[in-house]
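Residue numbering for the sequence shown follows my numbering, starting at 1455 and increasing by one per position.
Here a beta-carbon is modelled for each residue, glycine too, at the ideal position from N, C-alpha and C.
Worksheet: one structure, shown below.
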Amino acid sequence: MKEIKHFINGAFVGSASGRTFEDINPSNGQVIGHVHEAGRAEVDAAVKAARAALKGPWGKLSVAERAEILHRVADGITARFDEFLEAECLDTGKPKSLASHIDIPRGAANFKVFADLLKNVGNEAFEMATPDGAGAINYAVRWPKGVIGVISPWNLPLLLMTWKVGPALACGNTVVVKPSEETPLTATLLGKVMQAAGVPAGVYNVLHGFGGDSAGAFLTEHPDVDAYTFTGETGTGEVIMRAAAKGVRQVSLELGGKNAGIVFADCDMEKAIEGTLRSAFANCGQVCLGTERVYVERPIFDEFVARLKGGAESLVIGPPDDASSNFGPLVSLKHREKVLSYYQQALDDGASVITGGGVPDMPAHLAGGAWVQPTIWTGLSDDSAVVTEEIFGPCCHIRPFDTEEEAIELANSLPYGLASAIWTENSSRAHRVAGQIEAGVVWVNSWFLRDLRTAFGGSKQSGIGREGGVHSLEFYTELKNICVKL
Ligand code: NDP
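This is the structure we're talking about:
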């Protein structure tokens, strides 16, 4: 049985209160370990350590020195690849084939990409005329924002946490991380990598616990944190934004979505089916960028529905260690309750269930896991909660459309604006439609193709701010203009 502690000021420490909670394996419902729950004392110790490290060793390093250390962090993750893989799959139940391809390598890449970026990015300068003819020069300099509170979700625990910690540290900040209580393992293991890579104590701190009235809320209420970067539900984002308003602290929010896929009759059907299958069912539908609303042009509607059904029914449900499985459980029984409530709602609202809609039969040793069937519906009205609310499960609703204008209107009809995928072989149409979609990320004939140099974030209620590439600098640094009169 594991004992999972906080990582504060370079050391693993338990909670003074002695309070712990269980970390559960969602494949079989068994307890993996006991996790210490941080109280205000631990939060305060972590923030103090982060502040001291900012003023001390970390703040005094050059960009090149920091970059070298962060490369060692990335290499350290790669060296412990199997341990990270095991930990992530224990916590989430996701197939090892998925986590070994996405979660762990991208988690390591987040340190290298942002370390290299910082070494190569310049700042603006402007010469200006003055009445005396001598002129002036303006130049910009950036400095770290300070102590950053990082609050991250459970769906891609290492990847989404390092997506924030990588650029934050590269820019010279220090961090206090609160991972989801569902997935404490990889953030903790990263502490060992930080120690071995020579990251000074206090630069990377991890606190375990829950959101409200626990570690998450205590962190957002702590007055000595300079900014918060958060990925999670829109409602939680609102709570964090309110807490951050005290002291006018900046927030970067990557929130929920209800993403639309638009499939035109001139698509390459093979590509559209393959991409929509991944976007609806990868990671058991627990990807913020996933497609839960699919709009298909009427002439190909029946064929598309039949082929997507075939694809969903060919997914192989099984635990992480089963090499043939490509579909794991949901993250917890609690989350399954939420997803199944939408499965029931779909029936109540008169949906046709094309496939799935329930819980699969699993062998006895897995019966306690959070398993759910991949599910496709048709026939719901546009105002059904199943079509308007984020479910965050392996399901989608497919609806026909007749014109390009109608498809765009449907895609834009909700208050979310995270991502969208368009399937067409007509490149003029692709550009025309992509330009009108109200979302931070639009894919054409692909899904989840990510270049870490590009801007990432949501519009409308899907978030505030953009991270990725140079855009991360806007949040993780302060920009100062120095004006020199000649
Ligand atoms: P939650 O919003 O429930 O939780 C996210 C994190 O916030 C967790 O660490 C949680 O702690 C913490 N938290 C919860 N309440 C508070 C609070 N009052 N104060 C401070 N921290 C708090 O999201 P989920 O973990 O359920 O993740 C799924 C959601 O994340 C989906 O809505 C999904 O769309 C979104 N998401 C968005 C992405 C994007 O890029 N836009 C990417 C990935 C996911 P704990 O879990 O311990 O309660």
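Item: Same chain, Cβ closer than 7 Å to residue 1825, neighbours up to 5 away in sequence not counted; Value: 1771, 1783, 1813, 1814, 1816
Item: Sequence-distant residues of its chain with Cβ nearer than 7 Å to residue 1875 (five each side left out); Value: 1715, 1729, 1733, 1745, 1897, 1901
Item: Beta-carbon proximity of residue 1944 to residue 1681, cut-off 8 Å; Value: Because residue 1944 is not part of the residues shown, which for the chain are 1455 to 1940, the question remains open.
Item: Contact set for residue 1597: own chain, Cβ-Cβ below 8 Å, skip 5 residues either direction; Value: 1626, 1931, 1932, 1934
Item: Nearest neighbour of residue 1557, chosen from 1517, 1741, 1761, 1582 [CA to CA]; Value: 1741
Item: C-alpha gap between residue 1811 and residue 1830, whole angstroms; Value: 8 Å
Item: Per-residue DSSP class, three states only, for residue 1604; Value: strand
Item: As assigned by DSSP and simplified to three states, the class of residue 1470; Value: coil
Item: C-beta contact flag for residue 1726 and residue 1753 at 8 Å; Value: no
Item: Residue 1789 beta carbon less than 8 Å from that of residue 1482; Value: no
Item: In DSSP terms, what residue 1745 is bridged to; Value: 1713
Item: Residue 1774 - containing beta strand (DSSP E), residue span; Value: Counting along the chain, residue 1774 falls outside any beta strand (DSSP E), and DSSP gives it neither H nor E.
Item: Candidates 1694, 1678, 1540, 1679: closest to residue 1685 by CA position; Value: 1694
Item: Entirely enclosed alpha helix (DSSP H) segments - the stretch 1467 to 1543, minimum 4 residues; Value: 1494 to 1509, 1511 to 1514, 1517 to 1533
Item: Through-space distance from residue 1892 to residue 1494, alpha-carbon basis; Value: 40 Å
Item: Residue 1615 in three-state terms, based on DSSP; Value: helix
Item: Secondary structure of residue 1832, DSSP reduced to three states; Value: strand
Item: N-terminal and C-terminal residue of the alpha helix (DSSP H) that residue 1866 is part of; Value: Element bounds for residue 1866: n/a, residue is neither H nor E.
Item: Cβ pair residue 1579, residue 1592 closer than 8 Å; Value: yes
Item: Residue 1614 Cβ short of 7 Å to the ligand NDP heavy atom set; Value: yes
Item: Nearest candidate by alpha-carbon position, reference residue 1939, set 1510, 1701, 1700, 1588; Value: 1588
Item: Contacting residues, own chain, Cβ-Cβ under 6 Å from residue 1909 (five flanking each side not counted); Value: 1920, 1922, 1925
Item: Cutoff 8 Å; reference residue 1484; Cβ partners in own chain excluding five residues on either side; Value: 1478, 1822
Item: Member of 1836, 1778, 1564 whose CA lies at the smallest distance from the CA of residue 1552; Value: 1778
Item: Segment contact, 8 Å Cβ cut-off, at least three pairs: the stretch 1456 to 1464 with the stretch 1489 to 1507; Value: yes
Item: Span of the beta strand (DSSP E) around residue 1875; Value: 1873 to 1877
Item: Proximity test, residue 1674 beta-carbon vs the ligand NDP heavy atom, cut-off 7 Å; Value: yes
Item: Start-end ranges of the alpha helix (DSSP H) lying completely within the stretch 1657 to 1706, minimum 4 residues; Value: 1669 to 1675, 1688 to 1699
Item: Neighbour-count burial assignment, residue 1879, 16 or more Cβ in a 10 Å radius; Value: exposed
Item: Proximity to residue 1786 [Cα-Cα], best of 1637, 1511, 1538, 1672; Value: 1637
Item: Integer-rounded CB distance, given that residue 1624 should sit under 8 Å from residue 1518; Value: Rounded, the Cβ-Cβ distance is 11 Å, inconsistent with contact.
Item: Residue 1916, buried or exposed, once every other Cβ within 10 Å from all chains shown has been counted against 16; Value: buried
Item: The beta strand (DSSP E) enclosing residue 1595, as first and last residue numbers; Value: 1590 to 1598
Item: Residue 1654 versus residue 1505: straight-line alpha-carbon distance, rounded; Value: 12 Å
Item: Whole-angstrom C-beta distance between residue 1743 and residue 1873, which should lie under 8 Å; Value: 4 Å
Item: Beta-carbon proximity check, residue 1577 vs residue 1562, cutoff 8 Å; Value: no
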